[in-house]
Each structure stands twice: as C-alpha cells, then as structure tokens.
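Below is one structure, written out as structure tokens; comments come after it.
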Amino acid sequence: MTQDRFPMTIGGEEVLNEHHLLAYTENGEMMDSPLSVRFLVIHCSATHADRNYTDKQLMRDHKKRGFRTVGYHFYVHKDGSITQFRKLLEVGSHARPYNRCSIGICYEGGLDDEGRPADTLTRAQYDAMWNLLRKLKITFPQAKIVGHRDLPGTTPKACPCFDAAKKFPL
C-alpha cells in the first residue's frame, strides 16, 4: 500500500479525498472514454510457479466468487501467450474502487514453489507484458502503471510481488 489516508498519491497523482477519488471512478458499466483509463494495474494469479493455472481454472475461480467472467482484462501465461477476457473499456472486477478507471493485467504465478509471494515472471511473460503495456500506453498515454498492492483502499496484499512501475518504466 502506498498510503492509507487522504490526501494520497496514486501513480504520482494527488487525490484530495474520497469524493475526488469516487467522482471519476463511479460512472457505469463501460468507461466513458479512453481518457477514463487512469491506471494499468498489474496483478498476479497468486498461484505456484511450478504449477499451471489455465484460463479455464481462472474462469472457474472467478465465477465461484460471483463474477460473470474473469475480472481481469488480460491474462499472461508463463509461455508469454495472452488471453483477453474483457473489452478495453469494459469495467473490470480486479481492484475495487479503481475498476472504472483501470485496466487489469494478471500474470500466471506470483507464488514460489512453497507458496510464498515471489516475483515469478518468466522471460516470456516479461516480454509479453512489456509489449502489451507499451501498446496500452499508446492508447492510454495518461495511464500510470501500478501494482495492485500500490492502490490505497484495496485489499492489502503482495500482488503482483514486485514494483510494477520500476519493472515496467514506460
């Protein structure tokens, strides 16, 4: 977590109070425009690096949590392949209260072989995420790259198990 109280800084931008934060995040099921995308939020699936976690398993687990589909926009597999689960401007379910102003990108992994939080990005995942983020920054130049753990007001966690802004300085 970056900070717990207002005013706070998110991705280098000062947010004065909760009203200011919610004023630009609570606006419907589809984001208003590409300018609505303020964050590219990196997540991990919190699964063991030595085990596969397929699209089907991810879908099953998100549906068990009550979502109609996977909450992330993109899922990056260990081999570098990417599955897109949501349209770009579709509101995700990955980092409340930031879902209406962010795109969620999850990589397969995030736990070491013993189940501890760890940066388990493979080279193929890193390259695929770099290319995806580069393209997203062209479409959404105002968006800041952040990790789930860097967003105040979300559930405290290690996700994505690295400093997203430092790992992907775009």
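Quick note: this note's numbering has the sequence shown finishing at residue 171, numbered continuously throughout.
Even for Gly, the Cβ is constructed at its ideal location relative to N, Cα and C.
So, residue i versus residue j, is the Cβ gap smaller than 8 Å?
| i | j | result |
| --- | --- | --- |
| Leu-133 | Phe-75 | yes |
| Ile-106 | Tyr-73 | yes |
| Cys-102 | Val-38 | yes |
| His-63 | Thr-70 | yes |
| Ala-144 | Leu-137 | yes |
| Asp-128 | Gly-81 | yes |
| Met-248 | Val-77 | Because the chain here runs from 2 to 171, residue 248 falls outside it and cannot be looked at. |
| Leu-36 | Ser-46 | no |
As a quick exercise: from the options, pick the residue whose alpha carbon is nearest that of residue i.
| i | options | result |
| --- | --- | --- |
| Lys-79 | Leu-122, Ile-43 and Arg-66 | Leu-122 |
| Gln-126 | Thr-155, Glu-109 and Arg-69 | Glu-109 |
| Pro-170 | Lys-158, Thr-140 and Met-130 | Met-130 |
| His-149 | Gly-67, Ile-104, Arg-135 and Lys-136 | Ile-104 |
| Pro-252 | Arg-124, Arg-97 and Arg-135 | Because the chain here runs from 2 to 171, residue 252 falls outside it and cannot be looked at. |
| Gly-154 | Lys-168, Ala-166, Arg-124 and Asn-100 | Asn-100 |
| Leu-90 | Phe-40, Phe-68, Lys-167 and Pro-161 | Phe-40 |
| Cys-160 | His-95, Pro-142, Phe-68 and Gly-67 | His-95 |
| Arg-124 | Pro-142, Lys-168 and Asp-164 | Lys-168 |
Residues bridged to residue i by DSSP?
| i | result |
| --- | --- |
| His-44 | Cys-107 |
| Met-32 | Per DSSP, none; premise fails for Met-32. |
Does the beta carbon of residue i sit closer than 8 Å to a beta carbon anywhere in chain D?
| i | result |
| --- | --- |
| Thr-84 | No chain D is part of this structure, which consists of one protein chain only. |
Should residue i be listed as close to the ligand MN, given that the test is whether its C-beta is under 7 Å from any heavy atom?
| i | result |
| --- | --- |
| Asp-62 | As for the ligand MN, it is missing from this structure, which has no ligand bound. |
Complete runs of the alpha helix (DSSP H) confined to the region 47-76 [at least 4 residues]: 56-65
Quick one: any contact between the region 84-92 and the region 110-130, if contact means 3 or more CB pairs under 8 Å? The count of Cβ pairs closer than 8 Å, one atom from the region 84-92 and one from the region 110-130, stays below three, leaving the stretches out of contact.
As an exercise, report each continuous beta strand (DSSP E) stretch of at least 3 residues that is fully enclosed by the region 98-158, in chain order. Qualifying beta strand (DSSP E) stretches, in chain order: 103-108 and 145-148.
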